[in-house]
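Asker:
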Amino acid sequence: MTLDLVTLPALSDNYTFLLHDAKSGATAAIDVPEAGPLDAALTERGWTLSEIWLTHHHDDHIQGVEALLAGHPAKVTGALADKHRLPPLDRAVSEGDSFDFGGEEVHVLDVSGHTVGHIAFHLPGAGIAFTGDSLMALGCGRVFEGTMEQMWNSLQKFLSLDPGTTICSGHEYTQKNADFALTIEPDSSALKSRYDAIAAARARGEPTVPSKLSDELATNPFLRAADEPVRRSLGMMDAPAAEVFAEIRRRKDAF
1 MTLDLVTLPA LSDNYTFLLH DAKSGATAAI DVPEAGPLDA ALTERGWTLS EIWLTHHHDD
61 HIQGVEALLA GHPAKVTGAL ADKHRLPPLD RAVSEGDSFD FGGEEVHVLD VSGHTVGHIA
121 FHLPGAGIAF TGDSLMALGC GRVFEGTMEQ MWNSLQKFLS LDPGTTICSG HEYTQKNADF
181 ALTIEPDSSA LKSRYDAIAA ARARGEPTVP SKLSDELATN PFLRAADEPV RRSLGMMDAP
241 AAEVFAEIRR RKDAF
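In the UniProt record's numbering, the protein residues as written are 1 to 255.
1) So within the region 113-191, which uninterrupted alpha helix (DSSP H) runs reach at least 4 residues, ignoring any that extend past its ends?
2) Taking the alpha carbon of Gly125 as the reference point, which residue from Leu3, Ile52, Arg231 and Phe255 has its own alpha carbon closest?
3) Asp82: buried (16+ other C-beta within 10 angstroms of its C-beta) or exposed?
4) Assess contact between the region 168-178 and the region 136-143, defined as three or more Cβ pairs (one per stretch) separated by less than 8 Å. Is contact present?
5) Kindly list the residues whose CB is nearer than 8 Å to the CB of Val230, restricted to its own chain and excluding five residues on each side of it in sequence; keep chain order.
6) Among Tyr15, Ile198, Asp227 and Ala70, which residue has its Cα nearest to the Cα of Leu159?
7) With burial defined as no fewer than 16 other Cβ atoms inside 10 Å of the residue's Cβ, what is the status of Thr115: buried or exposed?
8) Whole beta strand (DSSP E) runs in the region 18-99 with 3 or more residues, listed along the chain?
9) Starting from Thr219 and walking both ways along the alpha helix (DSSP H), at which residues does that stretch end?
10) Buried or exposed: Met151, going by 16 or more other Cβ atoms within 10 Å of its Cβ?
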């Protein structure tokens, strides 16, 4: 199945997404930092919004929902665990739940850590995952509500996905994430190559989101806490992977 994926910048550094199935006409918006970019994109393409999927409760991911619904009535999906601090939900979901979108199965992953109740939406048939502020391009979200171990365990769920999966994350943080990643693996040729590509894309004003999971596996230090080069760089060869991850996250918080 081929779905149309549209990536739209919003606010100062957020991304929002439209997913469209031409056969059924189903169209989903994933996170709504503001209504304007989505409204314009829907009008331009002649698509009718049918669904809104929310990854977590932070304002910069949900504050445009009410305005978008005013012009585009749609079914809202979000985490049952976050129901009390999300816009009104038509469908409340949890880890292991799935639902249909245009004939494509959408799997729900609990990826708590950045917030408790943060979820991701994975469409294995289409090879797309909407990860919000959990797994990000060359990074991960700050651990605001959960624990470091919880965040590490959440990130492990992405390791089982097809490496070709397109990772649709919530922010244009990639350049700074790349600067930091080089402090962890300064000798990585894969990271240096990606760093150059990111710098060139940003110089052209191009987005660095979405990214490929294969690139994250090769260069994202937050996914690589169990890997020998990262452990060696940090002098933590014998430490549990969750502790290595926590050290990387603490360093990034202070970077």
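Cβ coordinates follow ideal geometry from the N, Cα and C atoms, glycine included.
Answerer: In short, the structure shows the following:
1) 148-156 and 174-184
2) Leu3
3) buried
4) yes
5) Ile184, Glu185, Pro221, Arg224, Val244 and Ile248
6) Asp227
7) buried
8) 27-30, 51-53, 75-79 and 91-93
9) Leu213 to Thr219
10) buried
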